[in-house]
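Asks: One structure, as structure tokens, below. Some questions next.
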Amino acid sequence: MRLGVKLLLVAAAVAVAGVVIGFYVSNLTTLAGSSSYSLPHGEKNGHPVVDLVFQTDAAVGPKLSPNPDWVSYLIRTKGGEWKRDTVWDLPANATVHVTWFNFDGASGLRNPYLARPQGVDGNQIRVYGKPVDHIDPNLASHTFAVPALGIIVAAPGVPDDAKRPCGYGPCSVVKNSHETIKFTFHTPAKGGHFRWQCFVPCAAGWIDGFGGPMQTIGYMDGFLNVKA
Amino acid sequence: MAAEPTAARPPSDSTNHGLRVVVAWLVLSAIATPLVAVFVGHLIPPGNGSTQGTEQVFDNTWMLSMVTPVICLLAVFFVYGLRTFRASPGAVVDGPPLRNDSQIQILWIVCTSAIVLFLAGFGTYELLQNGAGGGQGPNPIAVPAGQKLPVQVIGQQWEFTYRYPTLGGFESNHLVLPENTDVELNVTSLDVIHSFWAYELGVKADANPGVDNVAFVKTKGPLTFHVRCAELCGLWHGYMYNNGRVVSAAQFKSWASQQQKLYAAIAPYMNRSPDKGGAPYAKTYFPAPDRRAG
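For the record, the sequence lines run as chains D and A. The first sequence: position 130 = 129 (numbering that gives the first Met the number 0), numbered continuously. The second sequence: position 190 = 189 (numbering that gives the first Met the number 0), numbered continuously.
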């Protein structure tokens, strides 16, 4: 085989390998483990308004994951079904009203500073209807944080002696003990791709609580795909 | 049986190739070096966002200017060799014989050693001026004189937060610095190894758990700069970035005042003792990560 042909074959093989690796890495860092869910939205004063409802469970359960014991977020779809999707499509320049049902116990924050809500309307959240500008960091169970948008919200955990603890998810808002947290944030006008995550080291059984579901998209982290 | 073709000896060559190469090299270097220094030097990162950044551009320009003649020599030698000693198509001729030349070898060793030693001395001198924006560990050697604004940089999976111990000890997820100010950055981590990289400021310092890694920077005028983690630290390492700002003294005062008000709500919890889950200001922190209750 001529040298030129050999070189061409090697170059082509390298290019193909590069494209395959690129696709793999891209998929790994964006959508792996979770499909994208487009949140339905209404409109008020010419701006989109979205109701985002999710729950956090200590164990996601066998129905929704091959890792039933992993801690996870679940989002409520338009039909009222709970899904393990953590990549959410949102319109740009939208007001997003969040309702968060937390069924998990308290883990405590590694950095107590994150117990102070920020980047949300009034820098306050409502816990069972009561507006608060902080929670006790020791009682934090999970956080919903979008670092690039400056959003930090920590949710208090269900007390250890709760009467109706949830075993496996999806947990029932009617049947199981939980904390209800509400807050509002706004998506940027330009749109973009924003990572969100939990800052509580809540992966039970993993080194420093930061393995497994904390390192796998589709459980304790995901993306906001804000579309202009 | 056909006889093996015998390689012919090349005709004797009285041309002084060495002199030609040296002359071509000197001419090319004389043209290229100032061009590189003037037109390429200022394009070298990280820019002029801080005193340290400007000094790094100066250092990099110097080093690039010093290696330009070396690159020119290689290029001239390469091109000259390809053109002059190229065999004619179909000719079976040996190349010119190679002989040991101790003078050239000694000259080469002396020149390259001098360049390397000079650059090592130059780099060390520059590093000792003010740390060159790098982390110097808990006991820095190159400490700028005068008053400095201490700012603690805390890495955690996956965000940097910042504490201002002389401004009420507030913590923020935004890095804002006043212009024309010497800043002492105390870089640490709550979990794994991160690396704090404020690109346009020319600052890069590892954030190690249990270590107070000190870096210094002197800001210049208003600027928006990028902050990135430069140490692979887990799933969201690639997303561990944000913008920081250098603002006027008045804007900084106003921002700090807002942050202090925001921080007041969480301050009592922060000031609790660590065994009660608090984190009063310290050079390093050892948070308990094993309080998983779920």
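Ideal Cβ positions, reconstructed from N, Cα and C, are used throughout, including at glycine. Every value quoted in this text rests on a predicted model; they were computed, and no experiment measured them.
Taking contact to mean at least 3 C-beta pairs separated by less than 8 Å, is the stretch 216 to 225 of chain D in contact with the stretch 154 to 164 of chain D?
Replies: no
Asks: Can you find the residues in the same chain that come closer than 8 Å, C-beta to C-beta, to Ser34/D, ignoring five residues on each side of it along the sequence?
Replies: Asp84 and Val86
Asks: Check distances from the C-beta atoms of the stretch 149 to 168 of chain D to those of chain A and list, in chain order, the residues that come in under 8 Å.
Replies: Gly149, Ile151, Gly156 and Asp159
Asks: When you compare only the Cα positions, how much space is there between Glu158/A and Val21/A?
Replies: Approximately 55 Å, taken between the alpha carbons.
Asks: Which residue from Glu80/D, Pro130/D, Lys129/D and Thr215/D puts its Cα closest to that of Cys170/D?
Replies: Glu80/D
Asks: Are the C-beta of Ala249/A and some C-beta of chain D separated by less than 8 Å?
Replies: no
Asks: Could you check which residue in Ser101/A, Glu170/A and Tyr198/A has the C-alpha nearest to that of Tyr262/A?
Replies: Glu170/A
Asks: In or out: Val19/D buried (at least 16 other Cβ within 10 Å) or exposed?
Replies: exposed
Asks: Cα separation between Val26/A and Thr32/A?
Replies: Cα-Cα distance, rounded: 10 Å.
Asks: For the beta strand (DSSP E) that Leu38/D lies in, which residues bound it at each end?
Replies: Per DSSP, Leu38/D lies in no beta strand (DSSP E) and is assigned neither H nor E.
Asks: With 9 Å as the C-beta to C-beta threshold (strictly closer), list the residues of the stretch 272 to 285 of chain A near chain D in chain order.
Replies: Lys275, Gly276, Gly277, Ala278 and Tyr284
Asks: Measure the CB-CB distance between Met219/D and Ser106/D and report whether it falls below 8 Å.
Replies: no
Asks: In terms of residues, what are the limits of the alpha helix (DSSP H) holding Asn212/A?
Replies: Per DSSP, Asn212/A belongs to no alpha helix (DSSP H); it is in the beta strand (DSSP E), Asn212 to Lys217.
Asks: Ordered along the chain, which non-local residues of its own chain (more than five positions away) have a Cβ less than 6 Å from that of Gly201/A?
Replies: Pro45, Ser49, Gln51, Gly52, Gln55 and Gly132
Asks: Which two residues bound the contiguous alpha helix (DSSP H) that contains Gln196/D?
Replies: It is not in any alpha helix (DSSP H) - Gln196/D instead sits in the beta strand (DSSP E) that spans Gly191 to Gln196.
Asks: Taking the alpha helix (DSSP H) that Pro33/A belongs to, which residues open and close that run?
Replies: His16 to Leu34
Asks: Quick test of the definition: if touching needs 3 or more C-beta pairs under 8 Å, does the stretch 142 to 158 of chain A touch the stretch 92 to 105 of chain A?
Replies: Taking one beta carbon from each stretch, the stretch 142 to 158 of chain A and the stretch 92 to 105 of chain A have fewer than 3 pairs nearer than 8 Å; the two do not touch.
Asks: Which class does Glu199/A belong to by DSSP, given the choice of helix, strand or coil?
Replies: helix
Asks: In terms of DSSP beta bridges, what is Glu170/A paired with?
Replies: Arg162/A
Asks: Looking only at its own chain, which residues have a Cβ that is under 6 Å from the Cβ of Asp50/D, when we skip the five neighbours before and after it?
Replies: His96
Asks: Going by DSSP, what residues sit across from Lys282/A in a beta bridge?
Replies: Its beta-bridge partners do not exist; DSSP assigns none.
Asks: Below 7 Å on C-beta distance, what does Trp157/A contact in chain D?
Replies: Residues of chain D whose Cβ lies closer than 7 Å to the Cβ of Trp157/A are, in chain order, Gln196.
Asks: Taking C-beta to C-beta, are Lys77/D and Pro39/D nearer than 8 Å?
Replies: yes
Asks: So, helix, strand or coil for Met213/D, using DSSP?
Replies: helix
Asks: For a contact meaning CB atoms closer than 8 Å, what does His133/D contact in chain B?
Replies: Among the chains of the structure shown, chain B does not appear; the protein chains present are D and A.
Asks: Using only the alpha-carbon positions, how far apart do Val150/A and Pro279/A sit?
Replies: 15 Å
Asks: With a CB to CB cut of under 7 Å and the five nearest residues on each side skipped, what residues in its chain are close to Phe53/D?
Replies: Tyr72, Leu73, Ile74, Arg75 and Trp99
Asks: Only counting runs of 3 or more residues, tell me where the beta strand (DSSP E) segments fall wholly within the stretch 123 to 166 of chain D, in order along the chain.
Replies: Those beta strand (DSSP E) runs which fall completely within the stretch 123 to 166 of chain D and span 3+ residues are 124 to 126, 129 to 131, 139 to 145 and 150 to 155.
Asks: If you compare alpha carbons, which of Thr55/D, Ala11/D, Asn92/D and Lys43/D is closest to Ala202/D?
Replies: Thr55/D
Asks: Whole-angstrom Cβ separation of Ala23/A and Tyr79/A, contact assumed at under 8 Å?
Replies: 7 Å
Asks: Let me know the alpha helix (DSSP H) ranges lying completely inside the stretch 249 to 274 of chain A, each 4 residues or longer, listed in chain order.
Replies: 266 to 269
Asks: In chain D, what lies closer than 9 Å to Asp190/A by C-beta?
Replies: Arg109, Pro200, Asp207 and Phe209
Asks: Name the residue from Trp69/D, Ala93/D, Val24/D and Gly211/D whose alpha carbon lies nearest to the alpha carbon of Asn44/D.
Replies: Residue Ala93/D is the option with its Cα nearest to Asn44/D.
Asks: Just how far apart, CA to CA, sit His16/A and Phe76/A?
Replies: 10 Å
Asks: How do the stretch 188 to 207 of chain A and the stretch 154 to 168 of chain A stand: do at least 3 beta-carbon pairs fall below 8 Å, yes or no?
Replies: In this structure the stretch 188 to 207 of chain A lies against the stretch 154 to 168 of chain A, because at least three pairs of beta carbons, one per stretch, are closer than 8 Å.
Asks: Compare the C-beta of Asp220/D with all C-beta atoms of chain A and state if any pair is closer than 8 Å.
Replies: yes
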